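The block underneath contains the structure these notes are about, expressed in C-alpha coordinates.
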Amino acid sequence: MIRQKVITVNIYTGNATENADKAQEVELKEINKYLDQGYTVIDRFTSPTNSAYNINITFVLQKETE
(Lines of atoms letter the chains of each structure in order from A and count residues from 1; the text may use other names and numbers.)
(Lines give C-alpha, C1' and ligand atoms only; values in the text may rest on other atoms or scores of the structure.)
Protein backbone atom coordinates (compact mmCIF):
# COMPACT_ATOMS: atom_id res chain seq x y z
CA MET A 1 0.00 0.00 0.00
CA ILE A 2 1.26 3.48 -0.82
CA ARG A 3 0.55 6.27 1.66
CA GLN A 4 0.87 9.92 0.77
CA LYS A 5 0.82 13.14 2.75
CA VAL A 6 0.64 16.69 1.46
CA ILE A 7 2.08 19.34 3.77
CA THR A 8 2.34 23.07 3.16
CA VAL A 9 4.76 25.19 5.18
CA ASN A 10 4.97 28.97 5.30
CA ILE A 11 8.43 30.48 5.81
CA TYR A 12 9.07 34.11 6.73
CA THR A 13 12.16 35.25 4.84
CA GLY A 14 12.53 38.70 6.37
CA ASN A 15 13.16 41.97 4.67
CA ALA A 16 15.91 41.24 2.13
CA THR A 17 16.56 44.95 1.57
CA GLU A 18 17.84 45.25 5.15
CA ASN A 19 20.15 42.22 4.95
CA ALA A 20 20.78 41.60 1.26
CA ASP A 21 23.92 39.54 1.90
CA LYS A 22 22.52 37.44 4.75
CA ALA A 23 21.63 33.80 4.06
CA GLN A 24 18.91 32.16 6.11
CA GLU A 25 18.58 28.48 6.89
CA VAL A 26 15.27 27.05 8.08
CA GLU A 27 14.75 23.55 9.44
CA LEU A 28 11.29 22.18 8.69
CA LYS A 29 10.56 20.07 11.77
CA GLU A 30 7.20 18.81 10.48
CA ILE A 31 8.81 17.54 7.26
CA ASN A 32 11.73 16.02 9.19
CA LYS A 33 9.26 14.13 11.39
CA TYR A 34 7.78 12.36 8.37
CA LEU A 35 11.18 11.73 6.79
CA ASP A 36 12.20 10.00 10.04
CA GLN A 37 9.06 7.84 9.70
CA GLY A 38 10.21 6.60 6.28
CA TYR A 39 8.40 9.01 3.96
CA THR A 40 10.25 10.43 0.95
CA VAL A 41 9.65 13.71 -0.86
CA ILE A 42 8.26 12.87 -4.29
CA ASP A 43 7.35 16.43 -5.30
CA ARG A 44 7.43 19.97 -4.03
CA PHE A 45 6.15 23.28 -5.34
CA THR A 46 5.67 26.86 -4.25
CA SER A 47 2.49 28.90 -4.33
CA PRO A 48 2.04 32.67 -4.35
CA THR A 49 1.50 34.68 -1.18
CA ASN A 50 0.26 38.19 -0.48
CA SER A 51 3.50 39.03 1.31
CA ALA A 52 6.87 39.88 -0.18
CA TYR A 53 8.55 38.26 2.83
CA ASN A 54 6.82 34.87 2.98
CA ILE A 55 7.10 31.77 0.86
CA ASN A 56 4.73 28.80 0.79
CA ILE A 57 6.23 25.42 -0.04
CA THR A 58 4.03 22.37 -0.48
CA PHE A 59 5.63 18.94 -0.12
CA VAL A 60 4.14 15.69 -1.40
CA LEU A 61 5.46 12.83 0.72
CA GLN A 62 5.12 9.12 0.01
CA LYS A 63 5.73 5.92 1.94
CA GLU A 64 5.25 2.32 0.87
CA THR A 65 3.84 0.07 3.57
CA GLU A 66 3.31 -3.66 3.64
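Residue numbers for the sequence shown follow numbering that gives the first Met the number 0, so the first one is 0 and each next one is one higher. Quick reminder that beta carbons are idealized off the backbone N, C-alpha and C, glycines included. Just so it is clear, the structure is predicted and the values come from calculations on it, not from any experiment.
Where residue i and residue j are concerned, what is the direct C-alpha to C-alpha distance, given to the nearest angstrom?
i	j	result
TYR11	TYR33	22 Å
THR57	GLN36	18 Å
SER46	GLU65	34 Å
VAL40	ASN55	16 Å
GLN61	ILE1	7 Å
TYR38	ASN49	31 Å
LYS4	VAL59	6 Å
VAL25	GLU63	28 Å
Considering only the alpha carbon of each residue, which of the options lies closest to residue i?
i	options	result
THR7	ILE41, GLU26 and ILE30	ILE30
LEU27	ASN9, TYR38 and GLY13	ASN9
GLY13	LYS4, VAL59 and GLN23	GLN23
Is it buried or exposed, residue i, if we count other Cβ atoms within 10 angstroms and call 16 or more buried?
i	result
TYR52	exposed
In this structure, does DSSP put residue i in helix, strand or coil?
i	result
LEU27	coil
TYR38	coil
TYR11	strand
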